[in-house]
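*Asks:*
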Amino acid sequence: HREEKKDELLDANVSYQEWIKQSQTHRNANWKLNVEFEKAKDTPEAPHFPHNTLFHDKAESYATSQTSVASKNVQTAARITVEENLFAPCMVGTLESQFLKMFAKISKARQVLDVGTFTGMSAIAFAEGSVAAGHEDTVVHTLESDDATAVVAKKIFDACDDKVRSAIKLHCTDAMEWMRQCALQESGVEFDIIFIDADKDNYVQYYDLAMGNTGLRPLLAKNGTILADNTLSALVYDEDDSRRTALHQFNQYVKNDDRVEQACMTVREGITIISRV
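Here the sequence shown is numbered in my numbering, starting from 245 and rising by one per residue.
(1) Using the Cβ count rule (16 or more neighbours within 10 Å means buried), how would you classify P288?
(2) Whole angstroms are fine: how far does the CA of N500 sit from the CA of I368?
(3) Starting from the Cα of A442, find the closest Cα among F435, S366 and V383 and give me that residue.
(4) Which of helix, strand or coil does DSSP assign to D436?
(5) Which whole runs of the alpha helix (DSSP H) in the region 254 to 340 are 4 residues long or more, in chain order?
(6) Pair every Cβ in the region 435 to 452 with every Cβ in the region 409 to 416, then say whether three or more of these pairs are closer than 8 Å.
(7) When we look at the beta-carbon of S259 and count the other beta-carbons within 10 Å, is it buried (16 or more) or exposed?
(8) Below 7 Å CB to CB, which residues in the same chain sit around G514 once its five sequence neighbours on both sides are set aside?
(9) Could you give the first and the last residue of the continuous alpha helix (DSSP H) run that contains C426?
(10) Going by C-alpha distance, which of F435, V521 and D391 is nearest D502?
(11) If you measure between the beta carbons of I470 and I518, is that distance less than 8 Å?
(12) Between F362 and M335, is the Cβ-Cβ spacing less than 8 Å?
(13) Quick check on DSSP: helix, strand or coil for H492?
(14) According to DSSP, V448 sits in a beta bridge with which residue or residues?
(15) How about F343 and V356: are their beta carbons less than 8 Å apart?
(16) In terms of alpha-carbon separation, which member of V511, L491, S410 and T516 lies closest to F439?
(17) CB-CB under 7 Å to E232, same chain, minus the five flanking residues each way: which ones, in chain order?
(18) When DSSP labels each residue in this structure, what does D218 get in the three-state scheme?
(19) To the nearest angstrom, report how far apart N274 and A427 are at their CA atoms.
(20) Answer yes if the region 324 to 339 comes into contact with the region 381 to 398, meaning at least three C-beta pairs across the two stretches below 8 Å, and no otherwise.
(21) According to the Cβ coordinates, are N296 and V480 closer than 8 Å?
(22) Could you please give me the residues that DSSP links to A507 through a beta bridge?
(23) When DSSP builds the beta bridges, which residues end up paired with E372?
(24) In the DSSP assignment, find the alpha helix (DSSP H) that holds L479 and state where it starts and stops.
(25) Helix, strand or coil, according to DSSP, for A353 in the structure here?
(26) What do you reckon, are the CB atoms on I324 and I437 nearer than 8 Å?
(27) At which residues does the alpha helix (DSSP H) containing T393 begin and terminate?
Shown next as structure tokens:
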């Protein structure tokens, strides 16, 4: 053990370049260049991926353990979701909710559209981030089509602190129709963030409404951002699941849209960040 400790101390004192030579070269023997030079070709399906998660054991739990503890509002959402026996894996959780909160805070988003409420954790995160950015007129419109789920979401929002509760506007309605009606209003609201996390088969349609591809005005503000959740479920969903194919088609649809640039991030089941060029 003393000899091992001595080796550790020696490693700590070597130069960065020497450390690369001693410790990293062999670890990266199979490394492939991680810079793309051309747009990837379209494929009918995403590649075979024999796992139901993107992460090795302990990777996500370690990342979560090094992330800020969830707020009381988010904790309330988690507790009530479990108490009401709803499908808790649909919650964005600590890691992603903190990402959404910080994204809203850093981007100073004031108007947010949350497409797919579930029990409201993402809406809470956006509201917290926008309020933390100093906005007193934050509005997070969140859309849920299922009546029973919307009742639980309202219960959760009512239990949040005053600033967050007052910022969130819950709409129990068909998301696509709500977005169409909003787009028909020529002087209607434009959103700094549009978070797509509803039925996966309709991601392209939600994206089109956000971008104004339907002949109606765009819902996304000029310098706004679309965040599309679960985009790497194109890998982890079962290969006979239509949602897997739909998400792969969505990913390629965005990739081929020359009006935007995007980054498909390996946060939980994938979040794609999309903005106009």
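Using N, Cα and C, we set each Cβ at its ideal position, and we do this for glycine too. None of the values given here were measured: they were computed from a predicted structure.
*Replies:* Reading off the structure:
(1) exposed
(2) 32 Å
(3) S366
(4) strand
(5) 260 to 263, 303 to 309 and 316 to 327
(6) no
(7) exposed
(8) N474, T475, L476, S477 and C508
(9) A419 to L428
(10) V521
(11) yes
(12) yes
(13) helix
(14) In DSSP, V448 forms no bridge with anything.
(15) no
(16) T516
(17) Here the chain has residues from 245 to 521 only, and residue 232 is not among them.
(18) This structure cannot settle anything about residue 218, because the visible part of the chain is limited to 245 through 521.
(19) 50 Å
(20) yes
(21) yes
(22) I517
(23) According to DSSP, which records beta bridges pairwise, E372 is partnered with nothing at all.
(24) S477 to V480
(25) coil
(26) no
(27) D391 to D402
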